[in-house]
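Chains as they are written, first to last, in the working numbering: chain A, 62 to 995; chain B, 8 to 520; chain C, 377 to 485.
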Amino acid sequence: MTLFLVALTPFFGSIFVACVSRLGRLHAAWMAGVVTFIALSCLFPLMLDTFAGHTLVQRLSWIPRLGLDIAFRLDGLGLLFALLILGIGLLIILYARYYLSERDDMGRFYAYLLLFMGSMLGVALSENIIQLLIFWELTSLSSFLLISYWQHRHESRSGARMALAVTGGGGLALLGGFLLLGDIVGSYDLSVILESGDIIRAHPLYLPMLILVLLGAFTKSAQFPFHFWLPNAMAAPTPVSAYLHSATMVKAGVFLLARLFPALSGTPEWFWLVSMTGLTTLLVAAYIAFFKHDLKGLLAYSTISHLGLITLLFGIGTPLAAVAGVFHIINHAIFKASLFMAAGIIDHETGTRDMRRLSGLWNFLPHTTLLAMVAAASMAGVPLFNGFLSKEMFFAETLHDINLPWGWLLPVAATLAGVFAVAYSLRFIHTVFFNGAPVDLPKTPHEPPRWMKVPVEVLVALCLLVGIFPAFTVEAILVVAATGLLQGPLPEHNLAIWHGFNPALLMSVIALVGGVLVYLSRRHLFAVHERLGERLEFKVLYQDLLEGLFKFAKGATHFLDTRSLQRMLFIFILFILMLGTMGFQYGTASLTGDRMLLPIDGVSLLIALILMIAAIGTVILHHQRLVALILLGTVGLGVALIFIKFSAPDLALTQLSVEVVTVVLMLLALYLLPQRSPSESSLFLRSRDWVVAIAAGGGVTMLVWAILTRPYESIADYFITHSVPGGGGTNVVNVILVDFRGYDTLGEITVLALAGLGIYAMLEHLKLSGSSHDSQNRPWDQDMHPLIMASFARLLLPLALLVSIFILLRGHNLPGGGFIAGLITAVALVMQYLANGTTWTQARLPTNMHVVIGSGLLIALMTGLASWIFDHPFLTSTFGHLDWPVIGEFELASAIAFDLGVYLVVVGATLLILVYLGMVHRQSHWAHVRKRIR
Amino acid sequence: MMSHIVIAPVILPLLFGIVLLLLQKQPLLFQRVLSITSVVAQVVLAVGLLHRVSNGEILVYALGNWSPPFGIVLVADRLAAWMLIITALLSLCALLYAVRGTDAEGSHFHVLFQLQLFGLNGAFLTGDLFNLFVFFEILLLASYSLLLHGGGRLRTKAGLHFVVINLVGSTLFLFAVGTLYGILGTLNMADLAVKVAATPLEQVALVRVAGLLLFAVFALKAALLPLYLWLPAAYAHTTAPVAALFAIMTKVGAYSILRVYTLIFGEQAGPAADLIEAWLLPLALTTLVAGMLGAVASIRLRQQIAYLVMASVGSLLVAFGLNTSVGIAAGLYYLPHSTFAVAAFFLLADSIAKRRGEMNDKFDLGPTMAYQRLFGVLFFIVAVLVAGLPPLSGFVGKFLILQAALTHPALPWILGIVLITSLFALIALARSGSLMFYRAEPPQVSKLTTVTNTPVGLMPVMGELLSIIVLLSLCLILVVWAGPITDFTLATADQLLQPDTYVHAVLGSGAKY
Amino acid sequence: MEALISLIIGVLTTCGIYLTLRGRTFPVVLGLTFLSYAVNLFLLVMGRLTIARPPVITPGMTEYADPLPQALVLTAIVISFAMTAFVIVLSLKAHLELGNDHVDGKHKP
């Protein structure tokens, strides 16, 4: 599992570093170095195997069913990248320790850096592509943190967000691509995927998959037209730029191309998509780079252009081109990292990166100048420097299809790019270090601390060694890496400075000479470029896109959600209508069934008419609220009558008692609400609502009709037959309520209790102030409690209570039951409040309604639980008969206890609601009276 | 002999609710202890139940000892147990946060909280359609009061909308149940499944009407477009713990859709089969888009989270809408993730808002808050979680869903929309995060008042963040043990797609089905 | 008779929906009440129409009305009562906190 150690050490390290940084700023740096070193030393023992040509795979099972394992793979390619990441990482850590100033928080920096290092290693060493994707996105996230390291700067934040959006978005595309790839191959393991190139290329989903994968790769490697994020990411501290934006992260994209090269390449689609993107990027970026005034901007664009070069090489698709690609990856990492560090030193020493102010630094920083010159020469592809070798190979590769029509285009373009590369390298060196004296520098530069230059020196030394003795230095690792890439034998190649006089050499010469010429004629060219202007600035485009997104999102959201109840209800009803009609659209069955229907008799017709008229009247007159309320009561009465008509006495009783309480409630509410509803919705709205309402009503009518005219058989008979023997009650409805479906009732009374509590909670700390006048603006009657009514009510109370008890007890056998009884009691008590006032009644009825409700629920629940004692399920009922002296034979069912619970809850809740509202009233009422007196 | 463990998760919160009501005069501390005890006990029960049913056994509990379909039955299968454990864990975290002061802002908080759980657990366990209605009402009424808990103008307005639209929904529910009874003459879900499968042709249209009306009801609860309009305001304006608890409320709708349309209107339902297939996926995708756009457009954190809730419902129902066992399994993995993640986000948003003084949770330049670093890290983690980025559970969930979609004809749509909306989430969250944390000014610079009434000292802050950390670690568990968990969800999905096992468990193996 | 009852339920639904779509809380409350009337009747008649056969077991009587819908309606009535009460008080609260009784708290003088 050592491979796991290599990949995961940095992650643990980053947490560790974050902790130790509390002890002192430099601890973080040292720790980071140690961590990286540990990772490296875990890697070394494995190298020998890889050099021997073996591929090491280590896995832990994660989601086996989906073929998702935590699996790491070490082959040549992975090894090369691992070495780059760790090696350069080590140098960067050393460099950053001197670069960061006192104010910067080292702990945070190194924690983020290690986080990134780990993610990058994960990308390089993953065997499972989904796992590769996980690390891929982690690099996006950690680079977001690194770029935005200087949070207080605006450009850091926006640059970081841009980088995250572009690379993260690319990662999402990559996810799609990998899903398809995994689907095509039937496995997410690289070893399998690399084997099955032919299947992949032949698959119908090849093209979409390829496009998605390439989107991922191109966004990450800043390929045109996604290149714009990289220059903006230069807001990051320079060590970050040197590490992420030259050596590692931006290489992830080309790494992916290399990794999947055997599986995906070799088709026209691949050739055109990849090579054209690469070519465009190579040219455009090289051109822009030349005109950048910001030191890091120039380097950024040159990086883009070199990445384009590598992409182009992979696009060409020949094995040798791939080898050249790998080679250039190595070389570019080396010289570009050192150039960035040099730029960092300059920035650090002079306080500016603007090339219009920088010049003649040779006199201040001779040593740095020397280093920079070597690296720049390598970037330009000057012989004896490593850049030259890979560039030669590149030029040679562009010549393959020279004989095809348009075949000359590729070499020409390549040479042109070479020209600009030479030009901007020359500009970098000449303008900054020579070219007269500097212009008002923020501070006078002098050589940086010794150790800050060491990393640069190491890399520059490598430039020369590789450049002069390629065979002894880079050959070995290059061969291993290329083998790992191609998953097969290497083509014939020879790393040497001198290949004799050949077209490639010619192209190099042209590039060098042309570059010099271009640089000399720069004044003129700058003028031209000014006119060409920012056409090539894609940043602007991106920001417009983003703005557009925000605008669109705002627009859409506000269009959809206007926070209007009427609107949401309307949509809801419309939706229901739609679904309903969809449902009806089935089969050819007629609406009307074939069931025997009942005849209509006059009385019911009359009642029906009254009811409907009252209903419609309510709607028409709903602006006068009191009238509407009275009509509503009439409708409720009508409903009760219908219940009676269709043999549902219990319902009728319930309906009536509920009606009373509801109306009382509404009256109380009406006292505080305005007396009239102003008519505000326009005629259109009203007619629209009418249409919808009538449509819905019509739908319901049809539904009822369709059902009522059809026969059905239900489970009803069971209840009829088992009511007496099983439930011990003749009133089947009540037996269902307290026994067969007692569980429903338990829920139902909980709802009632909840309503009571909820209303109580709502009303407290609520300052009410009702209008002291009614709709006709007559003052409310201030006479509190009419005497007759008071005495009458007091007389009535015991009677009512007696009745309610009677109804409660008989409920099990005859219409009645806890609920109705409860409501009657409640109404009777409420009457006391109405008639005698709250104080009088409270004095005589000093019970806390919460307790009543609670105990009611408790009784009901306990009745249910009692059956556990007899090892029966919850709510199993039992009953027995016993002879009472006066009353005679009386049946006692456990259900009655349950019904008692119902009774208590109903009484409690109803009183809690009414009385509380009433009491709130009283305050507001008296408030008015006092106002009038004053 | 049936074991009472099936009904215990329902009885327990009710019992504690009643006790809390009777002891309402007792000091708050006492109530808190009781309340937490109850929820912890529910977690234990849920684990026990999950263990019992994980072998595929379906426990049936006939209330009042009345044999189904005549009495009401509770049915505990894998799905029910899964929902119960999620609810229990979520409510524990919400409660742990609430006892830090929210519960004192109004009366009866703990009673309402317990009864809310009573409603939720009942809804998940019941095997009777009308009883499902009753428990919907319980959890709704409880949620109304919890939503309004603490008061405030915007809260009241949002509450009013929430209540009214849900009342219409309840009425619709009754219409639908009534229709089913009027045609099929039964209420027990298993029995309904049998009856629907055997519906004579001239009745099918009516059955379909009922089924679609039910869908409208559940879609309203699940906040599916176009019925989501109540959600953003309601979630954005209530107290943090309640919002966190409500993370499960939309899932109740999703649960009901899953239950009813696999059991009653599943493959076997003949002409009434796959009623909503044509509707669910498109609506879910549009919901996802609308939700993400809302998140992008938001100018306040809570509002943004509310829209993210909606988006998560979208993704969840996309998974269910695939109507395959892998799809449903993916959804069942995504469900707890989205629930916990969103809940954590709501709680975190509250802690952040408290520390930003008058800036509250606006996306704008505010003062640096105490423990800026700590909150920054937490925000980053939660954002990664919610945006579905690697390596957290959000990514796994998204991966599972997309993987399940690979075989679906609408793959291009699903892939495109899910990936693009994820990008939206990325952009939106990066923006809100950098606006709230990066642009912060140190207090001495900032003219804005920083807050005072927040705990100082690492321990109290940790206490405040406890529930968030617990929720995050739950998400972590989802990742680390993704293997066994996905196996479980797949088994659950298979169980759902073979309703005959359910039916036979309820009606006895003799049932003609 | 069936036609008549279907018509009644339809009319009640229509009125209910129209009122619920109004802009002020009071008509909305009325509308919800109407809807509950409608649905209660609806539930009852789902057991088909039976006259003078209340489901109370009495010797010599064989045919009864379907008791189950009645039980359901009873539950429904109670629940809708609770809900109505809640809405009424909530609309009061809204009126007092938002300063007017518009469902969206918009102030339209």
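Cβ coordinates follow ideal geometry from the N, Cα and C atoms, glycine included. Just so it is clear, the structure is predicted and the values come from calculations on it, not from any experiment.
According to DSSP, residues forming a beta bridge with residue i
i	result
TYR68 (chain B)	B:LEU81
ARG134 (chain A)	A:VAL118
ARG400 (chain C)	C:HIS478
SER319 (chain B)	In DSSP, SER319 (chain B) forms no bridge with anything.
VAL432 (chain C)	A:ASN792
ARG307 (chain B)	B:LYS369
7 Å CB neighbourhood of residue i in its chain, flanking five on each side removed
i	result
HIS264 (chain A)	ILE245
LYS992 (chain A)	Its pLDDT being 48, under 50, LYS992 (chain A) is placed unreliably in this model, and the value from its coordinates should be taken loosely. If we look at LYS992 (chain A) and ignore the five residues flanking it on each side, it has no Cβ neighbours.
Assigned exposure category for residue i - 16 Cβ within 10 Å defines buried
i	result
LEU818 (chain A)	buried
LYS612 (chain A)	exposed
GLY166 (chain B)	buried
GLY878 (chain A)	buried
ASP424 (chain A)	Sequence inspection shows Asn at residue 424 (chain A); the Asp mentioned does not correspond to that position. Counting Cβ neighbours within 10 Å, ASN424 (chain A) comes out exposed, since fewer than 16 surround it.
VAL479 (chain C)	buried
GLU453 (chain A)	buried
ALA113 (chain A)	exposed
PHE446 (chain A)	buried
TRP766 (chain A)	buried
LEU146 (chain B)	buried
Closer than 8 Å to chain B by CB, residue i
i	result
LEU450 (chain A)	no
SER412 (chain C)	yes
PHE422 (chain C)	For the record, residue 422 (chain C) in the displayed sequence is Met; it is not Phe. Answer yes: the Cβ-Cβ gap between MET422 (chain C) and chain B drops below 8 Å somewhere.
THR971 (chain A)	no
LYS281 (chain A)	no
THR409 (chain C)	no
PRO431 (chain C)	no
6 Å CB neighbourhood of residue i in its chain, flanking five on each side removed
i	result
GLY314 (chain A)	ALA278, LYS281, SER282
LEU573 (chain A)	VAL483
8 Å Cβ cutoff, residue i in contact with chain C
i	result
GLU112 (chain B)	no
GLY189 (chain B)	yes
LEU181 (chain B)	yes
SER836 (chain A)	Interpretation of SER836 (chain A) is limited by its pLDDT of 48, a score under 50 that renders its predicted location unreliable; the figure taken from the coordinates is listed afterwards. Taking Cβ atoms only, chain C never reaches closer than 8 Å to SER836 (chain A), which makes this a no.
THR695 (chain A)	no
Short CB-CB distance (under 8 Å) between residue i and chain A
i	result
ALA458 (chain C)	yes
LEU398 (chain B)	Note on residue identity: the sequence assigns Pro, not Leu, to residue 398 (chain B). Closer than 8 Å to some Cβ of chain A, the Cβ of PRO398 (chain B) qualifies, so yes.
LEU425 (chain C)	yes
MET437 (chain C)	no
ALA437 (chain B)	yes
GLN410 (chain B)	yes
Under 7 Å by beta carbon: chain D residues contacting residue i
i	result
LEU395 (chain C)	Protein chains in the displayed structure are A, B and C, and chain D is not among them.
beta-carbon residue i near the ligand ADP non-hydrogen atom, thresh 7 Å
i	result
LEU525 (chain A)	The model depicted lacks the ligand ADP and carries no ligand whatsoever.
Enumerated in chain order, which unbroken segments of the alpha helix (DSSP H) with a length of 4 residues or greater are wholly contained in the stretch 734 to 809 of chain A?
-> For the stretch 734 to 809 of chain A, the full-length alpha helix (DSSP H) segments reaching 4 residues or more read 744 to 769, 777 to 783, 793 to 796 along the chain.
Would you mind listing the alpha helix (DSSP H) stretches within the stretch 240 to 299 of chain A that are 4+ residues and don't spill past its ends, in chain order?
-> Uninterrupted alpha helix (DSSP H) stretches at least 4 residues long and entirely within the stretch 240 to 299 of chain A occur at 251 to 256, 258 to 263, 267 to 281, 290 to 293, given in chain order.
Complete alpha helix (DSSP H) runs within the stretch 579 to 657 of chain A (minimum length 4 residues, chain order) = The DSSP assignment places 583 to 593, 599 to 621, 626 to 645 as complete runs of the alpha helix (DSSP H) inside the stretch 579 to 657 of chain A, in order along the chain (cut-off: 4 residues).
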